[in-house]
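Numbering (my numbering), first residue to last: 32 to 282.
These notes are about the structure you will find just below.
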Ligand code: PEP
């Protein structure tokens, strides 16, 4: 019922020519695959060039962040309206690198989510616990807080434009992946939260991606879990063959 999504977060990598080379490779390999929603998130400077390059393919473009105001005296920021203008259809928000390195809190992320939805763009909303929080058995409490605060004030009808990405911070860029069971436990908990905040139908329709060192050799185990609807991929999204294999996961 939920169409899988595989999203590549290119982080702070790739010049415009490098980004174009990567996306041309992806287009050749998986650009006509219809049973998976494919998303790539280049750096801001490459967004428009990559958006033009994917026209007519099954690859959509996401930004990695944005501000919650659409214009004004906000030096250095970029708005949902300008991202739409550049060819984006989605924005990744709440990534743990934004939370940890740039001090973004739940309230700021919530404002950004609402601003992006108000502009008619979709959101990939990232949540996840640190190793310290997992070790002190706070995982579910942290996920509860992030989901409740992040989705505060989001209208039920807008939830069709929200994809949640569970990304345990200890698994991002570390080569450590949550086991299928660990990920399933978190995903099922998050789906239950969405059901409580909205209703069971919305929970059943909401896609929840897993992120954290997803690679060709672990994607199949992860995708075999009932509540894992796709993956958010960092490092392995920078190589055509690896990302294409992740897009072509086997259940
Ligand atoms: C990410 O950046 O969201 C991510 C999951 O990175 P990696 O796949 O490299 O762990």
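Heads up, the beta-carbon is just placed ideally off N, CA and C, and yes, glycines get one too.
Check the Cα spacing between residue 144 and each of 161, 121 and 200: the tightest is with 121.
Per DSSP, reduced to three states, the secondary structure at residue 109 is coil, with no helix or strand assignment. A check of alpha carbon separations from residue 34 across 275, 271, 261 and 279 identifies 261 as the nearest. Just so you know, the alpha carbons of residue 184 and residue 266 end up roughly 33 Å apart. Scanning 73, 59, 162 and 152 for the CA closest to the CA of residue 200 turns up 162. The beta carbon of residue 95 is closer than 6 Å to those of 72 and 123 in its chain, skipping five residues each way along the sequence. Contact between the stretch 213 to 223 and the stretch 169 to 183 is present: three or more C-beta pairs spanning the two stretches fall below 8 Å.
Counting only unbroken stretches of 3 or more residues, no beta strand (DSSP E) element lies wholly within the stretch 161 to 190.
With a cutoff of 6 Å, residue 203 counts as near ligand 1, since its C-beta is closer than that to a heavy atom of the ligand. Look at residue 40 here: in three-state DSSP terms it is strand. Per DSSP, the beta-bridge partners of residue 92 are 71. Taking 7 Å as the cut-off, the beta carbon of residue 225 is found no closer than this to the beta carbon of residue 193. If the five residues before and after residue 55 are omitted, its C-beta is found closer than 8 Å to the C-beta atoms of 84, all from its own chain and listed in chain order. If you draw a straight line from the Cα of residue 52 to the Cα of residue 227, it is about 44 Å long.
Checking the 6 Å criterion, the Cβ of residue 89 is out of range of every heavy atom belonging to ligand 1.
The stretch 118 to 160 is shown to contain whole beta strand (DSSP E) runs of 3 or more residues at 121 to 124 and 153 to 158, in chain order. The Cβ neighbour count for residue 249, taken over all protein chains shown within 10 Å, is at least 16; the residue is labelled buried. Excluding the 5 residues flanking it on each side, residue 238 has same chain C-beta neighbours closer than 7 Å at 33, 36, 194, 260 and 261, in chain order.
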